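Reading through the structure tokens given below for one structure.
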Amino acid sequence: MYSPLIDQLIQALKALPGVGPKSAQRMAFYLLEHNQEGAVGLAQALQAAVEGVGRCDHCQTLTEETTCAICQSTKRDQSTLCVVESPSDVSIFEQAGVYSGVYFVLHGHLSPIDGIGPADLGLDILETRLQQGLVKEIVLATNSTVQGEATAHYISEIAKDTGVVVTRLAQGVPLGGELEYLDGGTLAHAINSRTRFQ
Amino acid sequence: MAVNFLNPAFILRTQKYRETGLIVDFFCPNYGKVSAVAKKALSFKGYLSLYQPFMPLSISWQGQSELKQLISIESSGNSVHLKGLIFYSACYLNELLLKLLPVAENSIELFGQYLLTINTLGQNPSRSEEEIVLRSFESALIKHLGYEIGFTTTDHSECIFNIDTNYVLLPERGFITEDDFLSESTFRNRQAGGQSLLFSGPHLVELSKFGLQREGTRKTAKIINRIMIDYLLGDKPLNSRKIYGQMLGRLQNK
Ligand SMILES: [Zn+2]
């Protein structure tokens, strides 16, 4: 319909999440007509990121360094390790500024039906790290889904023999949440993990 | 467009669909496997807790094509809590259903068996109780797919397994005696399945007498079911079986 180069650009933009043919077309024309400079910047940034970004050799998060800034930081508590499912979970913690330990990023969760086992998540690497003895506490922050729970359970099993303290993010009533809107499962979690009121 | 209201269902698998949606495979008593798109599944916080396996659900959908549009989903009971290795056994059941269950087919009996099986798995069963429900479920599924393996008769008569005879399991036909097999078999037949298809008379007699109540009979039943399931799966891989193998020794039952 369009010239080959424009068509190619529209096709390429459809790789973005949530972008269908219509929005891809709109974006293509916007960039070509109104923002050529931005388009060049985008192209260069994409190219550089794709070529440069890999996984941290300590925590598996995305970084262009061999070891990411958080893992290298002397200000972080290297003895507390928070296990999350995705790099975006790391950003959520970092933006909130509520955690000063380090992370381990699984890039997923155990999913038997999809053939995703411990090694696919780097859990063998995590196990070696726990055995090295530097980590004193591991905080399980995998999602509160069936598979997230199974992943947390597995990690707690491999941590058992290492003497590392295993904790799980508290689960229950969200701040500002009304009981009326809680589902039964969340309420069950909340009542089972209730704490002393201070 | 016709809406199909409030069907009991369990989720077998979810996959991401675009940014905020899911494609969900359900198991429904009246329709077998139902696949549906839930377009906004991930855009409401907290809704994801509904899109979990092992939780009894009630769902409504619309659409004529094989991929339906999900229009409502609610929980209709507590989710079954599966601990340790048992979680992987339960995933195995879901994968079997996902890969073998036909769409748009009455599956009431099999659904009942599924319910019974995961409820048993959720109650911290002993290893033998677990094996009994898993083997029973496999048998029910094999039967649902139209293959009945007579434990008491060979395929052409009412004769009960003979203690002095060896038998061969041919997935398409059931058991025949080793002699019959050898006399009629061509090279192609012998290759069928590729596994050790030979069963000893005493083992089969024990299985037909005692069902799954003995360790030995459970082992025999496991081999029989495995041959049938591998045959039914064809070249589709069974991922959860592989992962279960990796978990063995790492996780305890309970
Ligand atoms: Zn790192």
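Chains as they are written, first to last, in our numbering: chain V, 420 to 617; chain Z, 3 to 256.
Heads up, the beta-carbon is just placed ideally off N, CA and C, and yes, glycines get one too.
Since this is a predicted model, take the numbers as computed values, not measurements.
Asked                                                                                                                        : Found
Beta-ladder partner(s) of serine 60/Z, from DSSP                                                                             : Pro10/Z, Glu76/Z
Opening and closing residue of the beta strand (DSSP E) in which glycine 23/Z lies                                           : 23-30
Residues that glutamine 248/Z contacts on chain V, provided the C-beta gap is smaller than 7 Å                               : Gly536, Pro537
Assigned exposure category for aspartate 237/Z - 16 Cβ within 10 Å defines buried                                            : exposed
Check whether asparagine 168/Z and leucine 200/Z have beta carbons under 8 Å apart                                           : yes
Interface flag, alanine 578/V vs chain Z, CB-CB below 8 Å                                                                    : no
Inter-residue Cα distance where the pair is cysteine 93/Z and glycine 79/Z                                                   : 19 Å
Nonlocal neighbours in the same chain, by C-beta distance under 8 Å from leucine 540/V, ignoring five residues either side   : Leu525, His526, Gly527, His528, Leu529, Thr570
Length of the line joining the Cα atoms of glutamine 17/Z and isoleucine 610/V                                               : 31 Å
Straight-line gap, isoleucine 231/Z to alanine 223/Z (C-alpha atoms, nearest Å)                                              : 12 Å
Touching by the beta-carbon criterion (3+ pairs, under 8 Å), the segment 584-594 of chain V and the segment 21-28 of chain Z : no
Spatial neighbours of alanine 11/Z in its chain, beta-carbon cut-off 6 Å, leaving aside the 5 residues before and after      : Phe28, Cys30, Leu59, Ile61
Through-space distance from cysteine 478/V to leucine 553/V, alpha-carbon basis                                              : 14 Å
Contacting residues, own chain, Cβ-Cβ under 7 Å from aspartate 543/V (five flanking each side not counted)                   : Pro537
As assigned by DSSP and simplified to three states, the class of lysine 70/Z                                                 : strand
Interface positions of the segment 230-248 of chain Z facing chain V (Cβ-Cβ less than 8 Å), listed along the chain           : Pro239, Asn241, Ser242, Lys244, Ile245, Tyr246, Gln248
Any chain Z beta carbon closer than 8 Å to glycine 527/V                                                                     : no
Segments of 3+ residues assigned as beta strand (DSSP E) that fall wholly inside the segment 487-523 of chain V              : 496-503
is_contact[tyrosine 33/Z, chain V] using C-beta, thresh 8 Å                                                                  : no
Valine 5/Z in three-state terms, based on DSSP                                                                               : strand
Residue-chain proximity (proline 531/V, chain Z), Cβ-Cβ < 8 Å                                                                : yes
Selected residue, minimal CA-CA separation from leucine 234/Z, among Lys145/Z, Phe177/Z, Ser210/Z, Ser77/Z                   : Lys145/Z
8 Å contact criterion, which glycine 37/Z and glutamine 54/Z should meet: CB distance rounded                                : Correcting the residue type first, residue 37/Z is serine in the shown sequence and not glycine. Contact flag wrong, Cβ pair sits at about 17 Å.
Neighbour flag for glycine 437/V against chain Z, beta carbons, 8 Å                                                          : yes
Contacts that valine 565/V makes with chain Z (C-beta to C-beta distance below 7 Å)                                          : Gln54, Pro55, Phe56
Residue environment, glycine 326/Z, which counts as buried when at least 16 other CB atoms sit within 10 Å                   : Given a span of 3 to 256 for chain Z in the structure shown, any question on residue 326/Z remains unanswerable.
Straight-line Cα distance separating histidine 453/V from valine 509/V                                                       : 35 Å
Under 9 Å by beta carbon: chain Z residues contacting aspartate 602/V                                                        : Gly48, Ser51, Leu52, Ser77
Uninterrupted alpha helix (DSSP H) stretches inside the segment 92-131 of chain Z (no shorter than 4 residues)               : 110-123
Boundaries of the alpha helix (DSSP H) in which arginine 228/Z is found, first to last residue                               : 217-235
Listed by chain order, chain Z residues near alanine 569/V by CB distance under 7 Å                                          : Phe89
7 Å Cβ shell around glutamate 140/Z - same chain, five flanking residues per side excluded                                   : Asn227, Ile231
Glycine 541/V (DSSP reduced to helix, strand or coil)                                                                        : coil
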